[in-house]
C-alpha cells in the first residue's frame, strides 16, 4: 500500500516539475517510471532530472544519480546529480535531482537508463521492463516552406469561389523525428487583420494536410495564408506563407470599352489593311488573365477567335483583324475576358459589324455623245452597293463627278465618276463624248441636204420671193434647237454665236447671190 502511495506522489511531482522520475523499489533495482514510453522532448531546452525512490534495503546510503541514453547501441552518460547534496533521504521518500541541458544529443528515438550510487555500489536497471523506451528527442522544426503549398492554393495564386466552389488549401509537411502534431492555416488580410484559422487534416497516411476554403466568406482583396505546424515535441514552424488574391468579381468589360474604328454597326473593309480591335479592360484584384475576341457571323457560326494582347502597361488589349479572311456580310464581335482568378465576363458585344471588301457598282453616261463646240453636255452617275451601302456623304449621294463638263475644246473628252461605299471601298468608271467645231457641223448638214435649191417664185407677183435655205446641224444644244427623227436638229438661219460662224454664213450668202445673178442672166438671154 505504501509503495502505491509513493508512485502516486511521484506522478504528481512529474506533472509539476516536468521532470525525469526514477523510482527504486525494494528488490527491484531502479525502475524508471517517467518519462513514460513514447514521451517527446525537445533538445533545445534544459531538463530537471529527478530521481525518487524508497529508502529500503536496496538503497541505504544514496550519493548521486547518473543518467544514460542509448546512442546507436552504446550507453552514454548524459548527466548526473552532484555528489555533495545531490540526494536527499527521508524516512518516507528520497530523491536526487540534476538540471541537465542537452546540446549534443541528436534528434532521434532513444532508450533511457539511470543508476543510483549507494555509497560503495551502484544499482542500475537490469530488467528490460524497467527501461523507458521510445523516448523521442526532437529539436528540429517541421519542414514547412512556401513551396510546400500544392494544388490551387499557391503563392500569389488567384482564387474565386465562382469558378470551383470550395478550394482546398493543401500543404506537404514533414517531421522526421517526433512527427506532425497540429496544423493550422491562418488567413489574414494584407493589413494584418486575422480573418480565420482553419485546422488542417492529414490525408490518410500521406504527408499532405488540407482544409476547405470558401472565398465567398471573404471580401475581394489580398490575403496571407500562413501554416502554423507543431510537431509532437512542441517545435513550431510558421515560416510557410502564401500570398493569395481572393477575387469573386468579374473583370470590367462593356460594349463601350471598345475603342477605335470597331463599333456596333460599323462598316469595315480590308482595303484599309489590317483593322485593330481595341478594348479597355480592368480587373482591380486578380488582374486580367486572358482576352479573346470572338467573331461570329449573323447565323451564330464562329468564324474566328483572336487573342488580345496587352499594350504595354496600359489597360488596353488589342488584336489585328484582316477582313480578307472573311466573306462579305454581317458579323458580331464578343470579348471573352478572364481574370487571373478565373472569373469570366463575356457581356461586351458589338453587333452588326459589316465586313465589305467589294467595291461598289458605278455607272456614268453623258448626253449628247457628240456636241457642238460651246454646247451643253449633261452627265449622270449612279452608285450602288449591296453590302454596306453607298456612302451618301461622299460627293453627291455617293458619287463624285462633273455633271456639265466643258465643251470649249473640240475633240474626244473622258468623263469619270468615283463612287464610295460605307466600308470605304471605291470604284471609278469613265465614259467619253465628242465636241465638234461649228464649220464641221455646217458641212455635215450641207452634205446631208444636197445642193442649194434654186429660189422659188410665186404666181401672184412679178417680183421674186427671196430664196429660203435650210441648214442641218448636229444634235445637242447649240444655235439650232429643233430635233429631227434622225437625232439631228433643224432650224432657220440665225446669226452664229461665234466669230467663225459669221464668216461661214457670209460665204454662204455670197454663193447664193452669185447663183441668183447667174440664173437671172440666163433667163434674159
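Numbering (the numbering used here), first residue to last: 1 to 525. In this text, a Cβ means the ideal position worked out from N, Cα and C, and glycines have one as well. If you're wondering where the values come from, they're calculated on a predicted model, not measured in any experiment.
Just the C-alpha distance for residue 225 and residue 341, rounded to the nearest angstrom, thanks.
The alpha-carbon atoms of residue 225 and residue 341 are separated by roughly 16 Å.
If contact is defined by three or more beta carbon pairs under 8 Å, each pair taking one atom from either stretch, is the stretch 296 to 312 in contact with the stretch 387 to 404?
Taking one beta carbon from each stretch, the stretch 387 to 404 and the stretch 296 to 312 have fewer than 3 pairs nearer than 8 Å; the two do not touch.
Identify, in the order they occur along the chain, each residue of the same chain with its Cβ nearer than 7 Å to the Cβ of residue 134, setting aside the five sequence neighbours on each side.
If the five residues before and after residue 134 are omitted, its C-beta is found closer than 7 Å to the C-beta atoms of 37, 38, 109, all from its own chain and listed in chain order.
Determine the burial state of residue 239: buried for a count of at least 16 other Cβ atoms within 10 Å of its Cβ, exposed for fewer.
Exposed: under 16 other Cβ atoms inside 10 Å.
In angstroms with no decimal places, state the Cα-to-Cα distance between residue 219 and residue 249.
Going by the C-alpha atoms only, they are around 10 Å apart.
Going straight from the alpha carbon of residue 515 to that of residue 375, what length do you get?
Taking the straight line joining both Cα atoms gives about 33 Å.
Beta-ladder partner(s) of residue 394, from DSSP
In DSSP, residue 394 forms no bridge with anything.
Thinking residue 356 and residue 328 are a contact (beta carbons under 8 Å), I'd like their distance in whole angstroms, please.
Yes, they are in contact, since the Cβ atoms of residue 356 and residue 328 sit about 5 Å apart, within 8 Å.
Among the candidates 101, 96, 227, 214, whose CA atom is the shortest distance from the CA of residue 116?
For residue 116, the nearest C-alpha among the options comes from 96.
Which one or two residues does DSSP pair with residue 436 in a beta bridge?
According to the DSSP secondary-structure assignment, residue 436 is paired through a beta bridge with 372.
Restricting to Cα atoms, I'd like to know which of 383, 345, 358 is closest to residue 287.
Cα-wise, what sits closest to residue 287 is 345.
Check whether the Cβ atoms of residue 253 and residue 347 lie closer than 8 Å to each other.
For residue 253 and residue 347, yes; Cβs fall inside 8 Å.
How is residue 418 classed by DSSP in three states: helix, strand or coil?
It is a strand residue.
Taking DSSP as the reference, what is the three-state secondary structure of residue 229?
Strand at residue 229.
Determine whether the Cβ of residue 383 lies closer than 8 Å to any Cβ atom of chain B.
Given the protein chain composition of this structure (a single chain), no chain B is represented.
Taking the alpha-carbon of residue 186 as reference, which of 410, 198, 72 has the nearest alpha-carbon?
When only C-alpha atoms are compared, the closest one is 198.
Can you tell me whether DSSP reads residue 28 as helix, strand or coil?
With a pLDDT of 49 at residue 28, under the threshold of 50, the modelled position of that residue is not reliable, and the figure given next carries that caveat. For residue 28, the three-state secondary structure derived from DSSP is coil.
Rank 315, 295, 313 by C-alpha distance to the C-alpha of residue 306 and give the top, closest one.
Taking only the C-alpha atoms, the option nearest residue 306 is 295.
Residue of 320, 75, 227, 81 minimising C-alpha distance to residue 63:
Considering only alpha carbons, the answer is 81.
Collapsed DSSP secondary structure at residue 288 in the structure displayed:
In the three-state reduction of the DSSP assignment, residue 288 falls in the strand class, which pools E and B.
Would you mind reading off the limits of the beta strand (DSSP E) that contains residue 35?
Neither: residue 35 is in no beta strand (DSSP E) and is coded neither H nor E.
Ordered along the chain, which non-local residues of its own chain (more than five positions away) have a Cβ less than 6 Å from that of residue 383?
So the qualifying residues of the chain are 360, 362, 390, 398, 399, 419.
Environment of residue 214 [buried if 16+ CB atoms lie within 10 Å]
Burial call: exposed.
Environment of residue 76 [buried if 16+ CB atoms lie within 10 Å]
Exposed is the call here.
Could I get the ranges of all uninterrupted beta strand (DSSP E) runs contained in the stretch 170 to 206, with 3 residues as the minimum, in chain order?
As far as the stretch 170 to 206 is concerned, its whole beta strand (DSSP E) runs of at least 3 residues are 180 to 189, 194 to 199.
Nearest to residue 210 (by Cα), restricted to the options 217, 216, 202
In terms of Cα proximity to residue 210, the closest of 217, 216, 202 is 202.
Have a look at residue 335 and residue 392 and give me their C-alpha separation to the nearest angstrom.
So the alpha carbons of these two residues sit roughly 32 Å apart.
Report the rounded CA-to-CA distance for residue 314 versus residue 337, giving the unit in angstroms.
Going by the C-alpha atoms only, they are around 16 Å apart.
Any idea what DSSP makes of residue 509, helix, strand or coil?
In the structure shown, residue 509 adopts helical secondary structure according to DSSP, grouped into three states.
Could you give the distance in angstroms between the alpha-carbon of residue 511 and the alpha-carbon of residue 517?
About 10 Å.
Where residue 406 falls, given that 16 or more other Cβ within 10 Å makes a residue buried
Looking at its Cβ environment, which holds fewer than 16 other Cβ atoms inside 10 Å, residue 406 is exposed.
Rounded C-alpha distance that separates residue 381 from residue 358:
Their backbone Cα atoms lie some 19 Å apart in a straight line.
Using three-state DSSP, classify residue 517 as helix, strand or coil.
Reduced to three states, the DSSP call for residue 517 is helix.
Assuming residue 231 and residue 138 form a contact by the criterion Cβ under 8 Å, report the distance between their Cβ atoms to the nearest whole angstrom.
For residue 231 against residue 138, the beta-carbon gap comes to about 6 Å, under 8 Å, which counts as contact.
Proximity winner among 352, 169, 223, 268, relative to residue 188 (alpha-carbon distances)
Selected option, being the one with the closest Cα: 223.
Have a look at residue 227 and residue 68 and give me their C-alpha separation to the nearest angstrom.
Cα to Cα, the separation comes out at about 37 Å.
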